[in-house]
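A.B. asks: One structure is given below, represented as structure tokens, and several questions about it will come after.
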Amino acid sequence: MCAYWLFKSESSVFSIADLQKSPKKTTCWNGVRNYQARNFFRDAVRKGDLVFFYHSNTDPNAIVGLCEVVKSGYGDYTALDPDSEYYDPKSTKENPLWYMVDIRFKEAFAKPLTLDQLRHIPGLENFRLLQRGNRLSVLPVTETEAHLLLAQAKANT
DNA sequence: GCCAACGTTGGC
DNA sequence: GCCAACGTTGGC
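So, in structure tokens, the structure goes:
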């Protein structure tokens, strides 16, 4: 049983095109410094899970493609690097405070699912991405929601 | 650039 | 443990 997730990224910081250009089309998703997101990485995101890639703070904001988790949660080493902007002295190698996962590019949608479009899809009323004030950068997607998203992406050609 | 919503910090 | 202040996120 694979689960579904949505990862947010500002396209100017790291876009799906950047992922596609990465070695083996794979990257570690580091720099998550929010406890809720951390808990997902540590306890729930598993190898084989499907990830919707979302561009935030861009125009238009949209789900732009799909990736696959290729490595479950492990210690985020940027937290150990004093030169990193993600450095956190409370984290150690033995006792990581922050976690990351690895994802591999799967597909870029021919036409991204824009935020505006998502708001009009029946069945997504409770989708966390669409909820007011939502700021979580790693969020769970239910199987029902995932199927709706995949169907819409397919229909969007 | 603005502002609402949220998470975190720190004083008490 | 409460809550005000602050910093950040993210849509517009």
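Going letter by letter, the first sequence gives residues 123 to 279 in the numbering used here. For each residue, glycine too, the CB sits at the ideal point set by N, CA and C. The structure presented is a predicted model; accordingly, all values stated were derived computationally and were not measured.
Answer yes if the region 157–175 comes into contact with the region 185–197, meaning at least three C-beta pairs across the two stretches below 8 angstroms, and no otherwise.
C.D. replies: Because the criterion of three Cβ pairs below 8 angstroms is met, the region 185–197 and the region 157–175 touch.
A.B. asks: Alpha carbon to alpha carbon, how far is K130 from N179?
C.D. replies: Each residue's alpha carbon lies about 10 angstroms from the other.
A.B. asks: Hey, quick one: how far does the beta strand (DSSP E) through I225 stretch, first residue to last?
C.D. replies: I225 -> beta strand (DSSP E) spans 221–236.
A.B. asks: For T148 versus D203, is the C-beta distance shorter than 8 angstroms?
C.D. replies: Taking 8 angstroms as the Cβ cut-off, T148 and D203 do not qualify as a contacting pair.
A.B. asks: Report the rounded CA-to-CA distance for V167 versus L271, giving the unit in angstroms.
C.D. replies: Each residue's Cα considered, the two are about 19 angstroms apart.
A.B. asks: Would you kindly check if the distance between the Cβ of L237 and the Cβ of R250 is under 8 angstroms?
C.D. replies: Their beta carbons are not under 8 angstroms apart, which means R250 does not touch L237 by this criterion.
A.B. asks: Considering only C-alpha positions, which residue in the set N161, A201, Y208, A230 is nearest to E216?
C.D. replies: For the residues N161, A201, Y208, A230, the minimum Cα distance to E216 belongs to A201.
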